[in-house]
Ligand code: HEM
Ligand code: HEM
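In our numbering, the protein residues as written are 2 to 178.
Shown next as structure tokens:
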């Protein structure tokens, strides 16, 4: 197909680092959800929160980069409904990379547990804030499911471009074109 303009190195690096981190965190969270209460679960939960805050920092930098650089250039005609849907999913995924950790922090602070990151206390434990904990918990749970569905559609789209349409969408994100 057309020769698309290459993606910048930071765009490619941010995409794959955040993608792996998010998939790992989703799997970690779902694993934790099914564990019975135990000291081990408490420790793993601490790690989940700490890594989640790192993902928040990384995802925020990525959004700053995306705003600074502008949207990635389209390959071919970008006016069809599938291309519009792909763009919509990109925006949803970008937003969710921020809202997932933020809602997690809301859950932790709202539950009166404050926020520790790898043993460093960032927000002191205090009174429970019922509405904050509930809003955070509901958002964290529902958005996780929405995100999993969006990632599946996103990956199917990438496979379709590569296998059926045989264009450079995937190879470009792998830095090969
Ligand atoms: C990219 C970042 C994150 C992702 C993708 C993620 C994903 C998940 C998922 C899929 C679950 C299981 C579903 C659920 O119980 O709601 C979960 C549970 C949980 N997450 Fe996260 N999480 C992230 C960051 C955080 C952060 C930063 C915190 C807190 C500081 C946090 C706190 C929690 C807690 C407390 C639970 C357990 C909820 C329960 O007991 O049901 N998460 N996470
Ligand atoms: C591991 C499986 C994944 C594959 C094969 C994949 C593949 C791709 C490809 C080929 C593009 C370029 C699309 C285009 O040129 O229009 C892209 C863009 C994008 N992907 Fe993924 N992706 C994966 C996982 C993820 C995950 C987990 C996220 C969630 C954070 C994500 C978020 C994005 C975003 C936001 C863009 C738009 C480009 C940007 O803003 O930097 N991807 N992906």
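Think of the CB as a built atom: it goes at the ideal place given N, C-alpha and C, for glycine as much as any other residue.
Task: Cβ shell of residue 75 (< 6 Å), same chain only, five flanking positions each side left out - done: Within the chain shown, the letter at position 74 stands for residue 75. Around residue 75: no qualifying Cβ.
Task: residue 29: CB within 7 Å of a non-hydrogen atom of ligand 2 - done: Position 28 of the chain shown, counted from the first residue, corresponds to residue 29. Relative to the non-hydrogen atoms of ligand 2, the Cβ of residue 29 never comes closer than 7 Å to any of them.
Task: residue 35 - containing beta strand (DSSP E), residue span - done: Counting from one through the chain shown, the residue named residue 35 turns up at place 34. No beta strand (DSSP E) contains residue 35, which is instead part of the alpha helix (DSSP H) from 10-35.
TODO: Could you check how far apart the C-beta atoms of residue 102 and residue 54 are, in whole angstroms? I think they sit under 8 Å.
DONE: Within the chain shown, the letter at position 101 stands for residue 102. Within the chain shown, the letter at position 53 stands for residue 54. Their Cβ separation, rounded to whole angstroms, is 6 Å, which keeps residue 102 and residue 54 in contact under 8 Å.
Open item on the list: Judging by CA-CA distance, which residue of 9, 81, 63 is the nearest neighbour of residue 95?
Closed with: Indexing the chain shown from 1 puts residue 95 at position 94. Taking only the C-alpha atoms, the option nearest residue 95 is 63.
- [ ] Would you kindly check if the distance between the Cβ of residue 125 and the Cβ of residue 115 is under 8 Å?
- [x] In the chain shown, the residue the question calls residue 115 occupies position 114. In the chain shown, the residue the question calls residue 125 occupies position 124. Closer than 8 Å, so yes.
Task: Counted within 10 angstroms of its Cβ, other Cβ atoms place residue 28 as buried (16 or more) or exposed - done: Residue mapping note: residue 28 aligns to position 27 of the chain shown, counting from 1. It is exposed - the Cβ of residue 28 has fewer than 16 other Cβ atoms within 10 Å.
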